[in-house]
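Some notes on the structure that comes next.
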Amino acid sequence: MLAGVAPPARTSRRMSRYSALALVRNAFSGHKDWTPAWRDPAPKQRYDVVIVGGGGHGLATAYYLAKLHGITNVAVLEKGWLGGGNTGRNTTIVRSNYLLDGNAPFYEHSLKLWEGLSADLNYNVMFSQRGVLNLAHSDSQVDAYARRGNAMRLNGIDSDLLDREGVRRFCPELAFDDARFPIYGGLLQRRGGTARHDAVAWGLARGADSLGVDLIQNCEVTGIRREGDRVVGVETSRGFIACGKLGLAVAGNTGRLGAMAGLRLPIESHVLQAFVSEGLKPLVDHVITFGAGHFYISQSDKGGLVFGGDLDGYNSYAQRGNLPVIEEVVSIGISMMPCISRTRLLRHWGGVMDMTMDGSPIIGKTPLANLYLNGGWCYGGFKATPGSGWVFAWTIANDRPHELNAKLDLDRFRAGRMVDESGHGPQPNLH
Amino acid sequence: MLRIPCPFCGPRDHSEFSYLGDATVTRPEAEAPLDEWFGYVYLRDNPRGRHREHWHHAQGCRQWLVVERDTLTHEILGALPAREGSPAAGPAAGKDAAE
Ligand SMILES: Cc1cc2nc3c(=O)[nH]c(=O)nc-3n(C[C@H](O)[C@H](O)[C@H](O)COP(=O)(O)OP(=O)(O)OC[C@H]3O[C@@H](n4cnc5c(N)ncnc54)[C@H](O)[C@@H]3O)c2cc1C
Ligand SMILES: [Zn+2]
Chain B
3 MLAGVAPPAR TSRRMSRYSA LALVRNAFSG HKDWTPAWRD PAPKQRYDVV
53 IVGGGGHGLA TAYYLAKLHG ITNVAVLEKG WLGGGNTGRN TTIVRSNYLL
103 DGNAPFYEHS LKLWEGLSAD LNYNVMFSQR GVLNLAHSDS QVDAYARRGN
153 AMRLNGIDSD LLDREGVRRF CPELAFDDAR FPIYGGLLQR RGGTARHDAV
203 AWGLARGADS LGVDLIQNCE VTGIRREGDR VVGVETSRGF IACGKLGLAV
253 AGNTGRLGAM AGLRLPIESH VLQAFVSEGL KPLVDHVITF GAGHFYISQS
303 DKGGLVFGGD LDGYNSYAQR GNLPVIEEVV SIGISMMPCI SRTRLLRHWG
353 GVMDMTMDGS PIIGKTPLAN LYLNGGWCYG GFKATPGSGW VFAWTIANDR
403 PHELNAKLDL DRFRAGRMVD ESGHGPQPNL H
Chain H
627 MLRIPCPFCG PRDHSEFSYL GDATVTRPEA EAPLDEWFGY VYLRDNPRGR
677 HREHWHHAQG CRQWLVVERD TLTHEILGAL PAREGSPAAG PAAGKDAAE
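Heads up: the protein sequence lines correspond to chains B and H, in order. Letter by letter, the first sequence follows residues 3 to 433 in this note's numbering. Letter by letter, the second sequence follows residues 627 to 725 in this note's numbering.
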């Protein structure tokens with residue numbers, strides 16, 4: 003679309019609904035009449051709310067701002083293309099099996115939103131509740147899982163502790179009698195699973211656009227203009243854009259955007275890799291994670307095994323990883339599932355993530371009056387996508403955190419209220 | 627593989643080292659105000675570009691090094707023993723090379 007022909011503010015466009023009937027109708031015209039899923043507007047001079055980052059979190063924030071809070075004069079600014087960051091690079095695991103109070107209710111809220119997301123968006127995000135199983139390889143690990151499973155139940159989250167035979171019935175393909183890491187049992191969250199990452203971004207983009215949100219791609223934010231302790235707008239590669247409120251949702255680039263606003267943050271950027279094998283017949287029906295090293299695996303609908311492991315371990319803004327991690331991830335995978343040893347790797351890639359000092363995200367207010375921060379997602383922000391957008395929109399609209407993200411505030415580091423699931427302390431590359 | 631030029635062992639694969647992080651933060655005096663301690667423990671410049679960082683040659687000479695590396699390109703610009711490469715911001719510390 004040409005610059006200058008964007009619809010006027012607050013016009014919400016009627017989107018054509020996707021349905022079986024629409025499919026049939028469009029089949030008669032050779033599928034030539036489908037309309038684009040969202041507009042491509044030129045940026046306006048001012049918005050009530052500007053969100054930086056067109057990943058799942060930024061798009062979900064804009065969608066819920068418009069849908070639940072009636073704030074529709076909103077722009078999402080994306081330096082590349084929608085969903086081209088970590089939203090399009092992750093291994094798509096969705097779960098809420100957390101131990102700590104700051105995390106568990108938030109992730110459970112997100113999981114509940116996932117359960118209704120396709121219907122809400124009229125867009126199939128292919129959310130598949132195939133179950134997420136964490137393996138235990140010692141008695142003490144079984145005890146630790148029992149504790150976490152009980153904590154989950156106290157928070158109203160489903161969890162099942164499986165013994166060894168239970169795990170065997172669930173997924174017989176594992177190495178049960180490995181000499182070093184025999185399987186003792188596992189913690190299962192049946193409502194966990196996977197979703198189609200691109201579809202989540204596209205469905206949220208289409209939903210936000212139809213409510214009047216401007217999605218502006220190829221628009222890099224290069225500076226944040228302040229007056230005193232207020233933000234007045236952003237410098238971008240497409241000119242200055244003024245805003246009433248500014249929200250950051252830029253995943254691995256939070257440190258850089260924070261610096262533009264004059265904030266030093268408890269975050270380091272690190273690279274995490276992911277891997278896909280050649281297509282195989284159905285083998286891994288669930289999401290399975292190894293308990294004696296970092297490895298997680300599922301199988302995509304196309305048949306590829308999708309898996310990942312640890313960070314590369316050093317600060318990085320390069321969206322590519324290094325060979326030692328590939329070797330380690332693959333060897334853990336083979337010790338957990340020897341039957342995949344001859345599978346060929348098809349692709350691997352990296353994404354840059356914010357690793358925080360306690361391994362938990364930061365969603366909330368900042369020292370600047372109208373600047374809001376959504377970042378620090380570490381390994382696990384895909385599952386948070388709808389929940390993160392939901393609480394972030396609430397926080398921006400009401401200028402205070404919702405109960406669900408109150409414990410994930412930026413102030414917790416100064417105040418000593420860490421939400422440290424793994425107990426590693428302030429060492430980002432260990433979380 | 628990154629190749630780190632250890633001043634004691636010569637160029638070695640980074641898999642022989644363990645990584646600690648930003649070498650430009652300095653430990654405050656015990657009596658320093660809480661704010662300084664907060665900054666030291668939790669806050670980082672996290673630059674995209676040149677970064678001075680601590681690596682431990684755990685499977686080599688077991689010395690701590692300050693390595694200067696570009697976090698965008700992974701290019702390694704030099705390494706010094708930590709006791710010489712004093713973390714007090716040197717010429718290149720914390721600069722954003724891409725800016
Ligand atoms: C390899 C890998 C595997 C993962 N696996 C899982 C998993 O299995 N389950 C899970 O829950 N999570 C997982 N994660 C984490 C998850 O992918 C992220 O936490 C989540 O996608 C973050 O979403 P987002 O919208 O915040 O970020 P992104 O999708 O990265 O969006 C941020 C956007 O901001 C844009 N941006 C940055 N700087 C600027 C700027 N200056 N101006 C304008 N735009 C800018 C970027 O281009 C990007 O599109 C994984 C991550 C990686 C890298
Ligand atoms: Zn050495």
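Where a beta carbon is used, it is the ideal one built from N, C-alpha and C, also for glycine. Note that the coordinates shown come from a computational prediction; the quantities given were computed from them, not determined experimentally.
List, in order along the chain, the chain H residues whose C-beta lies closer than 9 Å to that of residue i?
i                      : result
residue 318 of chain B : 697, 698, 700
May I ask you to report which of helix, strand or coil DSSP gives residue i?
i                      : result
residue 242 of chain B : strand
residue 385 of chain B : coil
residue 337 of chain B : helix
residue 129 of chain B : coil
residue 1 of chain B   : Any question about residue 1 of chain B goes unanswered here, given that chain B covers just 3 to 433.
residue 146 of chain B : helix
residue 280 of chain B : strand
residue 441 of chain B : The first residue shown for chain B is 3 and the last is 433, placing residue 441 of chain B beyond what the model contains.
residue 292 of chain B : coil
residue 90 of chain B  : helix
residue 100 of chain B : coil
residue 139 of chain B : coil
residue 357 of chain B : strand
residue 109 of chain B : helix
residue 122 of chain B : helix
residue 326 of chain B : helix
residue 270 of chain B : strand
residue 430 of chain B : helix
residue 317 of chain B : strand
residue 23 of chain B  : helix
residue 178 of chain B : coil
residue 309 of chain B : strand
residue 40 of chain B  : coil
residue 718 of chain H : Any reading at residue 718 of chain H must be qualified, since the residue scores a pLDDT of 41, below 50, and its modelled position is unreliable; no value is offered.
residue 9 of chain B   : Confidence in residue 9 of chain B is poor, its pLDDT being 44 and thus under 50, which makes the residue's placement unreliable; the coordinate value appears in the next sentence. Residue 9 of chain B falls in the coil class under three-state DSSP.
residue 52 of chain B  : strand
residue 416 of chain B : helix
So with CB distances below 7 Å, who are the chain B contacts of residue i?
i                      : result
residue 667 of chain H : 428
residue 706 of chain H : What residue 706 of chain H touches in chain B: nothing, since even the nearest Cβ is about 17 Å away.
Going along chain H in order, which residues have a C-beta closer than 7 Å to the C-beta of residue i?
i                      : result
residue 1 of chain B   : Residue 1 of chain B lies beyond the residue range present for chain B, which begins at 3 and ends at 433; the question has no answer from this structure.
residue 326 of chain B : 627, 641
residue 126 of chain B : None at all; the shortest Cβ gap to chain H is about 37 Å.
Residues of chain B with CB under 8 Å from residue i, in chain order?
i                      : result
residue 664 of chain H : 415, 416
residue 679 of chain H : 316, 317
Along chain B, which residues have their Cβ under 9 Å away from the Cβ of residue i?
i                      : result
residue 653 of chain H : Within 9 Å Cβ-Cβ: nothing; residue 653 of chain H doesn't reach chain B, min ~13 Å.
residue 670 of chain H : 257, 266, 267, 268, 269, 270, 317, 359, 430
Can you list the residues of chain H that residue i reaches, using a CB-CB cut of under 8 Å?
i                      : result
residue 431 of chain B : 645, 647
My guess is that residue i and residue j are in contact by the Cβ rule of under 8 Å, so how many angstroms apart are they, rounded?
i                      : j                      : result
residue 353 of chain B : residue 152 of chain B : Actually they do not touch by this definition, with Cβ atoms about 33 Å apart.
residue 238 of chain B : residue 79 of chain B  : 6 Å
residue 245 of chain B : residue 252 of chain B : Incorrect: roughly 15 Å between the Cβ atoms, too far for contact.
residue 201 of chain B : residue 61 of chain B  : With 8 Å as the limit, residue 201 of chain B and residue 61 of chain B do not qualify as a contact, their Cβ atoms being about 12 Å apart.
residue 37 of chain B  : residue 21 of chain B  : Not really, about 14 Å apart at Cβ, beyond 8 Å.
residue 275 of chain B : residue 327 of chain B : 6 Å
residue 697 of chain H : residue 673 of chain H : 7 Å
residue 679 of chain H : residue 653 of chain H : In fact, because the Cβ distance is near 16 Å, the residues do not count as touching under 8 Å.
Open item on the list: So within the segment 56 to 85 of chain B, which uninterrupted alpha helix (DSSP H) runs reach at least 4 residues, ignoring any that extend past its ends?
Closed with: 58 to 71
- [ ] Can you give me, in chain order, the residues of the segment 266 to 278 of chain B that have a beta carbon less than 8 Å from any beta carbon in chain H?
- [x] Taking 8 Å as the Cβ-Cβ cut-off against chain H, the residues of the segment 266 to 278 of chain B that qualify are 266, 267, 268, 269, 270, 271.
Task: Runs of beta strand (DSSP E) wholly within the segment 643 to 690 of chain H (minimum 3 residues, chain order) - done: 644 to 648, 676 to 682
Task: Segments assigned alpha helix (DSSP H), at least 4 residues, entirely inside the segment 184 to 250 of chain B - done: Listed in chain order, they are 199 to 212.
TODO: Name, going along the chain, the residues of the segment 389 to 420 of chain B whose beta-carbon falls closer than 8 Å to a beta-carbon of chain H.
DONE: Going along the segment 389 to 420 of chain B in chain order, one finds 415, 416 with a Cβ nearer than 8 Å to chain H.
Task: Near-chain H residues of the segment 85 to 115 of chain B - C-beta to any C-beta below 7 Å - done: Within the segment 85 to 115 of chain B, contact with chain H at the beta-carbon level (separation under 7 Å) is assigned to no residue.
Task: Contact residues within the segment 344 to 374 of chain B, judged by C-beta distance below 8 Å to chain H - done: 359
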